[in-house]
Every structure is written in structure tokens, then in C-alpha cells.
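Encoded as C-alpha cells, the structure appears first; notes follow it.
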Amino acid sequence: MENQTIELPIILEGKAIYPCDEREHYLLSYESGYQFIIPKMNEADLKNLRETPKFRLHQLHIQEIISFFFRVGRFWLPENSNHPLYQKAIKYLSYVNGYDFKMALRELNLISSSCSIQGALFDLLDAELGNRMYLDEWIPRGDALVHACPVGNVLHILVGNVPISSITSIVRGAITKNQTIGKLPRRDPIMALFFVLSMLELAPEHPVSKSMNILYWPGGDPIEGQMLSLANVVCAWGSAEAVQSIKSQVGSGVDVLEFGPKTSFAIIGQESASSKKVALDLAHDVALYDQEACFSPQIAFVEGDYQLFVENLAKGLEIYKTLMPKAQTIPDSHAQVWRTRMEAFYNNNTVIKTDDTEWTIAVIKEPSEINEHPLSRFIFIIPVENILDCLPYITPDVQTLTISPWHRNSEIRDEATLRGASKITEVGLIEAMRIGSTHDDIYPLQRMVRWVCVERGCDYWGKYIEQGPVDTTLWLMKNEQQLERVPLD
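Going by numbering that gives the first Met the number 0, the sequence shown opens with residue 0, and the numbers climb by one from there.
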């Protein structure tokens, strides 16, 4: 295909800036044959960003912020998919990620489900902060009045393997009243950018729109250090190397929230090993994002009749070829799948596969047989006598454990989480992210605010002092008089 070039803007203080002759730009090329040009920041942009009021959302009531996101979420409902901005987002997301139309539309619909249920965002704040009113008011707590202040600038180093993660990160920063500085990932410069462009489409002068800064620079570019110098908190998504690079550059006192690479396992008890429904649910979890999400299971430990389970899983993966079409992959990805299949054959393992590289099931004895996981809907099955046999393989690199039947989570949850696992959920629900769940061992919203207080004054003496008002000088004088009556050796 002949290369086609498309212009993308950056966004500064809620204003879209498109490529022009007066600006340098970056050129991003993709396997689809499409190229995107996007402006570079210049010194004037940096100066403006340094001077922008980073606490502009502090005086806004949280209900106003959430109501705005509700409007933005409704923009991305399927019935609005004929809107020109929506149409561009679908096409461009397909160009950069290899999604077909259905998968691109599904991903954009997730913006709607993330934002258009107002109660969910209120509940999220209550679950992670204890009380959403800490953001708007000074709330009595003990003998003090406590308030949750925004930290200021939240820098989001975004990734493209799971596009909706960019939206999650930006919304977290905004509902805690912070200013957003987002670095678009090369792999997907579309999702976060068009999310913010929809804000500008609906209400360009809204304070939330004005608080948005969406930029692009290659990893390691000198401008990265300048962006990090502006950050009060960094949400670093990406590879271990990328996260470590960010941590090495941030200033003292700047909190780095790490959402780095993880692996995940499925655990199938004997009660579920014969279930077609559970096998289909695991096929969903394997197909979702082609295993590129941290929560995607790469290995399934199966107790009981693993052969029947493999048979049903193969049928489920066939169904998901249509239900959730696989993204177009680069030649290297196909080669890695074939190489891993050959390694399994060489070890005399059972391999069930498609004629192409759509999906693969390999039955192995233990994880050490896996040299490098190819992802791409490749699931390893390890037969076990008891689900407890999976525990030695759980480390802090494991994020999610999916289990079936669900009630058996009580057998493993204490030991599994002590060994490092972050989350346990039922097979088929890896993307649910229920209210109250943690993300990589933390509640992110707690790290995006500063907890400040006003202690009560002298006229409040509380329960530890017999009589007030509080007078520290008088107390010291009385204490000194008492000390004078204490005999000394």
C-alpha cells in the first residue's frame, strides 16, 4: 500500500495545535502503510506549560467534573458513531493497532462505559479516598479538619497495548482535580488524543478541557526531562526499562505510580474442568487484547480432566475468532508463535493449533519449559493434582489470578497474595475492574492527592485534657512547679 499521511494535533491548555510550516514535527509510520505527523513542542509551548495554573480544578465541585465526563462518555455511545470525530477515531485506531472495525468500535465504546455512568465515578472516589467530600470540603476526622488537595501536575506516560488504559489514567488524574500532561504512546497515539478532542468538541472552555495537555515525544527525547521536571506525580505505564528510566529522572519527592509489565495465570478446579462455559470464559480472557494486557492469562493450571478442558477451550478460541477478531500482527509475531510451537513439539508436548497463528494451546509440565511467551492467543496448559500446586510459580511479577469455581479462591488467596499476586477474580471477568479493587497493589487515587489538615484551636481541648481552653504556656508553668516539688538525689 502506498503510504498515506494524516495530520494529528497536540493539545496544550485545551487547545488543539496542528502541524504547520512554522513547526517541526514527528513522523510515525505503521504496518498498515499509514503515516501520522504530529507537532513537536517548542520553547514557547514549554514556557506556557510551566506557567499554566495547575490547580484550576481545585475550586470546581467534584460533581461538576463528573458531570462533564458523563457528557464526554455519552459522546462515545455507539449511536453517535456517525459523528465525524468518532469516524476518524475508528479509522485511525484501526490504522495504528491493526484492529478491524468491530474491535476499534468496541474499544471506543469502552470510553462510554468508563465515563457515562456517573454513579460509578462517585463510588470510585468513595472507595479509594474513603469519602469523595474530602476533595470539596474540610471534613472532621478525629480532632482535625482534613482535606484532599490535588498534587498539581500528573504526568501520564501512556501505553498502546491496551488503549482504554489511557482513558483510565487521565480520568483518575482529573477527578482528583489535577492538571493532565499526557505523553501519547507511539503504538497508539489515537485513543487518548481523541478522548480529549471530544472534550474540546463538546465544551472547549470548560475547566476540565482547559486542564488537558496531550503531547508526543519519542522515549528518551531531551524534552522528557523537562516534562518530568513539571510533574508532581508520574503515572508510568510500560516496560520495565521505560519505568526504570522514568524513575531515574524524577526529582525528589515526586511519586511514581508504576503500572509496568506483569503476567497472569488461570486456575481451573476439577469442578470446572468439564465445563464448556468455563472453557469459553477462559477463551474470552485469552482473546482479549491478544494477551497483551497485564491481566491476560498466559498459563492455565488445570486440576482434573485437562484433556476435556483443552478440547472445550479449543472450541471456545474458535468462537472468539469471530466474536473478537484478532488484530493484524507483524511478521515477527507470527515467527515467534511458530518458534514456540516448535519448541513445544520438540519437548514432546501436546499442541492444538490453527493452521495459521490465530490461536495455540500447548500442554506442558511446568513454566520453565517456556523460553519466551509469544502472547498472540497462545495459552499453556499445566495439569496439576491440586490447585495449590500453582503457588510455587507465583511471584511479584504475577498480577491477576483468574479462578473457577470462584468459591475455591479461599484455598489460595492468602498464600498467593503473600507471594506477590495483586488480584484474584473469576475466569471470564479479567477486565471487570469492580469498584473497590486495587491496581497493582495500590489505590491510585490516594497517590494523586495530598492529605492536609487544620487542627482545632485552643477552645477545643478534647477528651485528653480535663479542662480548657488549651494553654501550653500555663501547662508548662504548672508542670515546672510540680517538678520543683520532686526530691532530687
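Quick reminder that beta carbons are idealized off the backbone N, C-alpha and C, glycines included.
As the structure is a prediction and not an experimental result, all values here were calculated from the model.
Asked	Found
Pro-8 and His-24 closer than 8 Å at C-beta	no
DSSP state of Glu-454 mapped onto helix, strand, coil	strand
Distance between Thr-179 and Asn-79 (C-alpha atoms, nearest Å)	26 Å
Rounded separation between Phe-68 and Leu-48 - CA only	23 Å
Beta-carbon separation (whole angstroms), Val-397 vs Ala-420, contact threshold 8 Å	5 Å
Inter-residue spacing [alpha-carbon to alpha-carbon] between Met-0 and Phe-100	Summary for Met-0: the model assigns pLDDT 47, below 50, so the residue's position carries little reliability, and this model does not support an answer.
Thr-175 and Leu-134 closer than 8 Å at C-beta	yes
Nonlocal neighbours in the same chain, by C-beta distance under 8 Å from Arg-131, ignoring five residues either side	Ile-61, Phe-121, Leu-124, Asp-125
Which listed residue (Gln-34, Leu-281, Ile-189) has its alpha carbon closest to that of Ser-164	Ile-189
CA nearest to the CA of Phe-35, picked from Arg-70, Leu-192, Ile-266, Glu-465	Leu-192
Spatially closest choice to Glu-127 from Val-448, Gly-97, Trp-137, Gln-225, by CA coordinates	Val-448
Minimum C-alpha distance to Asn-347 - residue among Lys-364, Ser-251, Tyr-288, Asp-331	Lys-364
Cα-Cα separation, Val-426 to His-283	9 Å
Pair within 8 Å by beta-carbon distance, Ile-65 and Gln-117	yes
Boundaries (first-last residue) of the alpha helix (DSSP H) holding Ile-378	No alpha helix (DSSP H) contains Ile-378, which is instead part of the beta strand (DSSP E) from 377-383.
Short Cβ contact (8 Å threshold) for Val-71 with Met-226	no
Leu-183 to Ala-202 span [Cα, whole Å]	22 Å
Backbone CA spacing between Ala-415 and Trp-450 [nearest angstrom]	32 Å
Contacting residues, own chain, Cβ-Cβ under 7 Å from Pro-139 (five flanking each side not counted)	none
Endpoints, the alpha helix (DSSP H) within which Ser-168 is located	163-174
Delimiting residues of the beta strand (DSSP E) encompassing Phe-258	254-258
Coil, strand or helix - Ala-361 by DSSP	strand
Inter-residue CB distance, Glu-410 and Asp-142 (contact presumed, cutoff 8 Å)	The pair is not a contact, with the Cβ atoms about 44 Å apart (cut-off 8 Å).
Segment contact, 8 Å Cβ cut-off, at least three pairs: the segment 324-333 with the segment 303-311	no
When Val-170, Ala-147, Phe-258, Pro-83 are compared against Ser-112, the one with the closest alpha-carbon	Val-170
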